[in-house]
Structures are given as C-alpha cells and as structure tokens.
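Here's the structure, in structure tokens; my notes come after.
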Amino acid sequence: MTQPLAPVNFLLVDDLEENLVALEALLKRDGLVCLKARSGEEALELLLVHDIALALLDVQMPGMDGYQLAEFMRGNARARHVPIIFLTAGAGDGQRRFRSYEAGAVDFIQKPIEPDVLRGKAAVFFDLHQQRQQIRAQRDELQAYADQLRAADRYKTEFIAMLGHELRNPIMAMGAGLTLLKRRRDPAQVAELHERMDRQVSHMTRLVEDMLDISRIGQGKIGFKLEQADLVEILKTAVESSQTHIEIGAHQLSLDIPAGPVPVQADPTRLSQVVSNLLNNAAKYTPSGGRIRLTAQVGEDVAEIVVSDNGRGIPPEKQAEIFEIFAQVQSHGAAAQSGLGIGLALVKQLVELHGGAIGVESEGTGRGSTFTVRLPLHGRRPCPRSAAA
Ligand code: ADP
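Numbering (our numbering), first residue to last: 1148 to 1536.
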C-alpha cells in the first residue's frame, strides 16, 4: 500500500563554489539530493521546479543577497513554505537576526559552522519533509478509495433503479395477463396468455439467476464443476434454449459445428449458459430478420466457439469495457432497455472459470458483432491427455 519515498531535495545557495562543496559533503546522506545555486537568481529557478525540503542561504552574496532571496521566496506560492536556514559569516547582531526572522527564516547559523549543529538541524527538516510526503501519499490513497467507494455507490443506486425498472415491466405484464385470464374463456386465447406470462417469468428468473451468479462468483460460492463432457451436446443445448429468442426476432441461424462428439473438460450447464447468452444477445441486438452464426472449431488443445451476427454492432471505444458489469451501449436504446448489462460480465467470468478467454470484434455501429470464446479442451488445470480421450 505504501509507496517508496521520493528522494528529499535540499538547496544550497552560496556564491563561493568551495562553500557549496563543503556544505554538500557535510550534509550528504542516502536519499538526499543536493541542489546548488551560485546566486539568488539561480536559486529561484531551482525553487520553481523542485520540491525542496530545506534551503540553506548564504546571507552575503553579490547581487541578490540571502535576505532578498528569502523575501522573493515568501512572495512566491511554490517557495513560500520552504524552510530557510541563513548562514552568515558575521557575528550575529540583533539587527541582522531581526531581518532574517522578519523575512520568515526558520533558523540562523553563524560561520564557522559547527557540523553537528547544522547536521542536526537539517535532519529535523528532512524528516519533517518525508513525513509530509508520507501523509500526502496516504491522503491520495484515501482519496482514491473514497472516489472508488463513491463510484461503487453511484453504480449501486443506478443498478437498483435499473433493476426496479427491469422487474416492473414483466410484473406489470403478468398483472395484466392475470386480469385478462379471468375474463377469457377461449382456450386458444388462454393458452396464448399462459405462454406470454411464461416468457415474462423466464425473463425475470434469468435476470435474478444472473445477478445471483455474479454475486456467487464474487464470493467464490458458485456451483461449478469441470467434468468430461461433449462440446457438441453443450452447443446444441445452448441453441435449444435460445431458439425462442431467435424465432421472435425472425432471425436465420446457421450452425457450423463438428458432427461428432468433442470431449471437453467443462461444466456443461455453465458452458451452455455462456453460448446461449451470446446467442440471445445476438438475437436481441440484431434488427428483425437478421443472420446469426454459431461456429465451433476444435484444435489440439483449444476449442474456439464463435457467435456472430449482422446486427447493431459495438462502437470500437465500447469494446474494451463491454464485459464489465453494467456496461451497455447507449445507442442501443430500446434493445438494451430489456437488460441490466450483467450478462456479458457473467459470461466472461464463467469462461474464465473454464480457464478460457472471450473477446469481441465489431467494425462499429450497424456492422454486426463477433464474440469469440477460446477454451482449453483439457480443462483449467492441465489434465493428462489420457483423461480427455
Ligand atoms: P444486457 O443485454 O442485459 O444489457 P449484456 O451484459 O449481455 O447486458 O450486454 C451488455 C451490452 O453489450 C448490451 O447492453 C449491448 O449494448 C451490448 N451487446 C451485447 N451483445 C451484443 C451484440 N451481439 N451486438 C451488439 N451489442 C451487443
């Protein structure tokens, strides 16, 4: 959590090179960076770009002297808070001392310098600076956490609103269905009402199941078991459960899957849920009468399952985030209204539980979408080839 501390900069200002060298040698230690200036002007330049823990200013310098430099520093927002120690050759007279404190100096040391005194005083400021750095880093981390929490809270509020909306529609439809059932006697009309209400119930059930699955995966409590299964059977089950959606959209589904059994280490229910979810989305996000294709290719170790459609497509900037929970393409408007943006997040997590990966390609809005699932045939943990045969 805690980041490594940045080096601590200190500034030496003296017109005599030998003084700069001597002071640097005196204060040198690991983690400190010495910045040297031969004049007040040079010092100001350094103060404007560096974060400085302490400035040691020689008072008597040609041009801008130490006091003037201190006054400039106090007038500058960036340099105002840099602590100053004045170094002076003269005996400390009251007038000078007064000027230095007026200018905001923190301390005042007379030459010849006593090394231990200077080292001790400087060390206090270096430590203070490091503590400030730590506090700043911790404050930034806390700020980042607070931002994350705020975003999560916002997400939750939006989610509850969407969920309410999403559940209200089928409940209202079922309420209306019940009222009609009381009045209708014609068996054909009654059967049709039953079928409609059935669809609403399955829609709500799927929604609630998806939400529960997402939270179960998050808590590591999902019922998931890899076993020896037949990929072709899994794909057929998926097609069967998506059939209604495909028919409602009057889409044409073409299949290109192996004829014979393909042994795979998978959780058959979950894998068929993945494929059926992709097929349902293809049906939902393709205008009526579209083309949907399911293909499966099997290599030596990997199976590739591809669901493609010629529907609404996904804009390039949305493709990276489409597998994140609650992600939806705004422009899909009405079609997306019957969803919460959790289906693909769940699909991705289920694919990953299989040790696989999922990706999407789309040339953009109106250009269709292609979802590709790559699965290791022999399971998440490498399993002996003989076990898969
Ligand atoms: P939902 O469909 O419930 O909104 P999903 O997580 O299944 O949630 O999908 C997230 C979003 O991805 C959808 O809202 C839609 O905008 C986009 N999307 C998913 N599948 C397709 C597809 N086949 N074609 C175009 N957009 C899709």
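Even for Gly, the Cβ is constructed at its ideal location relative to N, Cα and C.
- Judged by pairs of C-beta atoms under 8 Å, the stretch 1380-1387 does not touch the stretch 1344-1354, as fewer than three such pairs exist.
- Beta bridge pairing from DSSP links Thr1517 with Ser1455, Glu1508.
- Within its own chain, no residue has a Cβ closer than 7 Å to the Cβ of Gln1290 once the five positions on either side in sequence are excluded.
- Not one heavy atom of ligand 1 falls within 7 Å of the beta-carbon of Asn1457.
- In this chain, the alpha helix (DSSP H) harbouring Ala1293 covers 1262-1330.
- Per the coordinates, the alpha-carbon of Gly1503 lies some 23 Å from the alpha-carbon of Pro1463.
- As summarised for the stretch 1373-1397, the continuous alpha helix (DSSP H) elements at least 4 residues long and confined to that stretch are 1378-1395, given in chain order.
- DSSP links Arg1440 through a beta bridge to Ser1401, Ser1455.
- Sequence-distant partners of Ser1186 (beyond 5 residues in either direction) whose C-beta falls short of 7 Å from its own C-beta, in its chain, are Asp1162, Met1208, Gly1210, Met1211.
- Burial state of Thr1433 is buried, judged by a 10 Å Cβ sphere holding 16 or more other Cβ atoms.
- Between the stretch 1498-1512 and the stretch 1437-1445 there are fewer than three C-beta pairs closer than 8 Å, too few to call the two in contact.
- In this structure Lys1495 is buried. Its beta-carbon is surrounded by 16 or more other beta-carbon atoms within 10 angstroms.
- Beta-carbon to beta-carbon, Leu1170 and Val1155 are separated by about 16 Å, too far to satisfy the 8 Å threshold.
- With a 10 Å radius around the Cβ and a threshold of 16 neighbouring Cβ atoms, Pro1408 comes out exposed.
- Comparing alpha carbon positions, the residue from Leu1152, Glu1499, Gln1444, Ser1455 closest to Ala1284 is Leu1152.
- Between the stretch 1304-1323 and the stretch 1332-1339 there are fewer than three C-beta pairs closer than 8 Å, too few to call the two in contact.
- For His1392, the CB stays at least 7 Å from every heavy atom of ligand 1.
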